[in-house]
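Presented below is the structure to which this report refers.
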Amino acid sequence: MEFYSDMVVIQKNSISATIDTEFGTWLDSHPDVTTFIVVGDCTDLCTYQLAMGIHLRGNAKKYRAASSIASQLCGYL
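With the working numbering applied, the sequence shown corresponds to residues 3 to 79, in that order.
And the structure:
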């Protein structure tokens, strides 16, 4: 993929990609990013937690963030 070098990998140690990871720091340093397409292995766990984390963080910080779960690209729905 030609945009692979633009991808960011954020390590996580639990179901949530937003708790105790570098994702919050990345979001703070990229305020222009407001739309997220969430994909993953297990829609009802990790991908749901990420989508909700994005929305909850946006609400708390008073900015608009949109996330969509691409269910066709997830392992379990």
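For every residue, glycine included, the Cβ atom is placed at its ideal position computed from N, Cα and C.
A quick note: this is a predicted structure, and the numbers were derived from the prediction, not measured.
Starting from residue i, follow the beta strand (DSSP E) in both directions and report where the run begins and ends.
i, result
"I56", "Per DSSP, I56 belongs to no beta strand (DSSP E); it is in the alpha helix (DSSP H), 50-63."
"T37", "37-40"
Would you kindly work out how many angstroms separate the C-alpha atoms of residue i and residue j, rounded to a whole number?
i, j, result
"L58", "M3", "31 Å"
"V35", "L29", "8 Å"
"T27", "G60", "13 Å"
"K63", "C48", "22 Å"
"M54", "I21", "12 Å"
"H32", "N15", "23 Å"
"A19", "C44", "13 Å"
"L52", "S7", "22 Å"
"T83", "D46", "With the chain covering only 3 through 79, there is no way to say anything about residue 83."
Is it buried or exposed for residue i, if we count other Cβ within 10 angstroms and need 16 for buried?
i, result
"F5", "exposed"
"L79", "Since pLDDT at L79 reaches only 49, below the 50 mark, its modelled position is unreliable, and no value is offered."
"I17", "exposed"
Round the Cβ separation of residue i and residue j to the nearest angstrom and send it over; I've been treating them as touching at under 8 Å.
i, j, result
"E24", "I39", "With 8 Å as the limit, E24 and I39 do not qualify as a contact, their Cβ atoms being about 19 Å apart."
Quick check on the DSSP output: the alpha helix (DSSP H) that includes residue i runs from which residue to which?
i, result
"T20", "Where T20 is concerned, there is no enclosing alpha helix (DSSP H), given that its DSSP letter is neither H nor E."
"F25", "25-31"
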